[in-house]
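Read top to bottom, the protein sequences are chains A and B.
Just so we're aligned, residue 4 is where the first sequence starts under my numbering, counting upward by one.
Just so we're aligned, residue 59 is where the second sequence starts under my numbering, counting upward by one.
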Amino acid sequence: MSNSADSRIQRRFEALKSEGRGGLVTFVTAGDPDPDTSRDILFGLPGAGADIIELGMPFSDPMADGPAIQAGSLRALKSGMTLKKTLALVAEFRERDQDTPVVLMGYYNPIYIHGPEAFCADAKAAGVDGLIIVDLPPEEVDELWIPANAAGIDFIFLTAPTSDDARLPVIVKRASGFVYYVSITGITGTRSADPADVEDAVARLRRHTDLPIGVGFGIKTPDQARGIASVADAAVVGSALVDIIAGNLDDDGKAGPGLADAVLSLVSDLADGVRKSGEKVA
Amino acid sequence: MNKLNTYRSGPDEAGHFGIFGGRFVAETLMPLILEVEKAYDAAKNDPTFWEDFNYQMKHYVGRPSPLYFAERLTEHFGGAKIYFKRDELNHTGAHKINNTIGQILLARRMGKTRIIAETGAGQHGVATATVCALFGLPCVVYMGKTDIERQAPNVFRMRLLGAEIVPVTAGTGTLKDAMNEALRDWVSNVEDTFYIIGTVAGPHPYPAMVRDFQTVIGNEVREQMMEAEGRSPDSLVACIGGGSNAMGLFHPFLDDEDVRIIGVEAAGHGIETGEHCASLNGGKPGVLHGNRTYLLQTEDGQILDGHSISAGLDYPGIGPEHSWLFDNGRVEYVSVTDTEALDAFQLCTKMEGIIPALEPSHALAHVAKIAGDLPKDHLLVMNLCGRGDKDIFAVARLLGVEVME
């Protein structure tokens, strides 16, 4: 629908196509584990090789996420993160980086409280390119989709192994930017999908949409990222990065030295992985 | 208020009561929700489903529960005639079983072989574990770690009944987190699992479905009051956490213009203190657990934990149909503090020989406030939705009495 020709997300996928490889989408939560460390991670992501940045808007009750991402969300909230501060962080990032797409991921309630129209205007002004709102299925999405569409923000929908051929057209009808395939029936950071199953699923999705397809849930290693990025247009990695944050906290739950570097180092490895996705594997 | 022709036609096809309700769930859950909706629509129109339901209500649950004239309390308050709907006499001691019977019958129709549930105080967990034992299905109950510590007897009951209790430490370890965790289980076990939600909340069709099972309460009251007094009641009072016992009593009477209907929320230490569970009187509309409804939340839209003396009212949300009835004014929603509920608990025990649960003690505390000013021929029905045996240790602690646990 609203696949605006000059969308940053679309440009990035076109560039990936001409490079002949799949992309790396990295997920971290804004403000996790504290605003300063989170800023260091965010600002370092493009240099480490992230092609698209998915930034979590912290929420107290992220019911579709696993324990790792929920804990990250609660750390961010405890450190004082709010929706307004998340938008301010994006604006700060955008001053330094005009090219890397930023997709906000989260749950609807904080946006509803902010006001959907005001949120879309503020997000656009901050330099946000897309939204993934987990608990807004197509049946409930119009109240945010309409203002987002008007503001020129891409709307990325989740599809799952349980989304059948009757349901997929309902979902992709309103999609723009890319389509997110949740590769397992479950929550983030738990099981990993079988690459062969993902390949079949991606082929099925491609019958319903021409949009790029990003695949996530359960991708933790550079090798897995390479495998996924060779059958889909991008691999999304979240819990593995959040696990590194959790593993580098001191006894008081504060960021230990080198936390941001540890996260960015895994991002570099993952980026090397997806860059191999263009090479023929014997 | 703008009067509607009917207050009983909701929800619409998408599960909305006005702006409330709906299906705010992740796409991974959506096919499951749609499957439950389809199965329930078919069951609802199948007389054999209701024959099974009514059979279990009569022979297993022990319905109809009596409508009891509380004569001494009536004299004590000196006004309205007080009737108790005795749902605390049901098997397992509360109204929760009406719903779990209905849902497990549906789960069996759908061929599901594994049951999950969330519980706060443990009453819904016990009612679910009970019907799982009855039908021989494995049962997993998610319960916040904090609640497990507070509700040891119910935890043991559920284990005796064969249920597996999974302690939830994520978030704040309370009912809302137990519900998050149950939803996560459901997403991860889509093929064989049915999620029995304990109240009139959650994504469509749950609010309507749970209500339909609980309206056995109000339908019986109508018949029993006709038998006792030859007419309809003048007012109805029930406590509200998620609101299933209240909706079960209220819904059949929503279009009876002359019936005054009052829902009683838990004000905890007082709404002004911020430590309460009064989602309507102290919260604002938001989206959580699959529905839009009034929620306790911060200015940033983060969900807050409620506080109440009664673990069964300790939920930061409320069923979406209540939110709708609050906004359109058909039902009055008031609140009662911990202290007022504790006084009512003791009063009922001493004057009627009935130990009420702390939840309906909230309803009784409001009855105590209004009954005296009502005429003597005013017929007031209060839903005594649970018995208080589970609460005696908590009450003893509050009264500073040492009891061997």
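Backbone N, C-alpha and C fix where the C-beta goes; we use that ideal spot for every residue, glycine too.
Per DSSP, B/R350 is one residue of the beta strand (DSSP E) stretching across G348 to L353. In this structure, B/G276 and B/G306 form a Cβ contact; the two beta carbons are roughly 6 Å apart against a cut-off of 8 Å. B/T158 carries a helical assignment under DSSP once its states are collapsed to helix, strand and coil. At a cut-off of 8 Å between C-beta atoms, A/E98 does not count as an interface residue with respect to chain B. Three or more beta-carbon pairs drawn from the segment 16–36 of chain A and the segment 225–235 of chain A are found closer than 8 Å, and the two stretches are therefore classed as touching.
The C-alpha of B/D358 is placed about 7 Å away from the C-alpha of A/H117.
Each of B/I376, B/G229, B/P378 and B/L422 was checked against the Cα of A/D64, and the nearest Cα belongs to B/G229. Chain-order list of chain B residues neighbouring A/V137: A84, by C-beta distance under 7 Å. Under the three-state reduction of DSSP, A/G109 is assigned to strand. Across the structure, B/A187 and B/L219 are spaced so that their CA atoms are roughly 6 Å apart. In the three-state reduction of the DSSP assignment, B/S393 falls in the strand class.
Remark: C-beta atoms of B/D372 and B/G178 approach each other more closely than 8 Å. Segment contact: the segment 243–259 of chain A against the segment 65–84 of chain B, fewer than three CB-CB distances shorter than 8 Å; contact not assigned. Contact annotation: in the segment 141–166 of chain A, residues whose CB is within less than 8 Å of a CB in chain B are E142, E143, F160, L161, T162, A163, T165 and S166. The Cβ atoms of B/V184 and B/N212 lie closer than 8 Å to each other. Just measuring C-alpha positions, the residue of A/V245, A/P104 and A/S41 sitting nearest A/P70 is A/V245. Nearest C-alpha to B/E93 among B/A266, B/M168 and B/A454: B/M168. Shown here, B/D243 sits in a helix according to DSSP, grouped into three states.
Taking the Cα of B/L131 as reference, the smallest distance to any Cα among B/E315, B/L125, B/Y141 and B/E379 is reached at B/Y141.
In this structure A/I216 is not in contact with A/G75, their Cβ atoms being roughly 25 Å apart against a cut-off of 8 Å.
By the rule that beta-carbons nearer than 8 Å mark a contact, A/P36 does not touch chain B. Identification of residues in the segment 244–271 of chain B having a C-beta nearer than 7 Å to some C-beta of chain A yields V245, S246 and V248, given in sequence order. Going by DSSP, A/F46 is part of no beta strand (DSSP E) but of the alpha helix (DSSP H) stretching over P38 to A51. Within its own chain, the residues whose Cβ lies closer than 8 Å to the Cβ of A/A129, once the five positions on either side in sequence are excluded, are L90, A91, V93, A94 and R97, listed in chain order. With respect to the 8 Å criterion, A/L134 and A/I159 are classified as neighbours on the basis of their beta carbons. No Cβ-Cβ contact shorter than 8 Å links B/G348 with B/P263. Using beta-carbon distances, A/Y115 counts as an interface residue toward chain B, with a partner under 8 Å. Taking a C-beta cut-off of 8 Å against chain A, none of the residues of the segment 280–291 of chain B qualify.
Within chain A, the residues whose beta carbon sits less than 7 Å from that of B/L241 are M66, listed in sequence order.
The bridge partners DSSP lists for B/S293 are B/R318 and B/L438.
A check of alpha carbon separations from B/F82 across A/V201, A/L273 and A/E146 identifies A/E146 as the nearest. Where A/E143 is concerned, there is no enclosing alpha helix (DSSP H), because DSSP gives it neither an H nor an E. At least one C-beta of chain B is nearer than 8 Å to the C-beta of A/S63.
Across the structure, A/D157 and B/A426 are spaced so that their CA atoms are roughly 56 Å apart.
In chain order, P140, E142 and E143 make up the part of chain A whose C-beta sits under 8 Å from the C-beta of B/R81. Uninterrupted beta strand (DSSP E) stretches at least 3 residues long and entirely within the segment 89–158 of chain B occur at 125–127 and 139–143, given in chain order.
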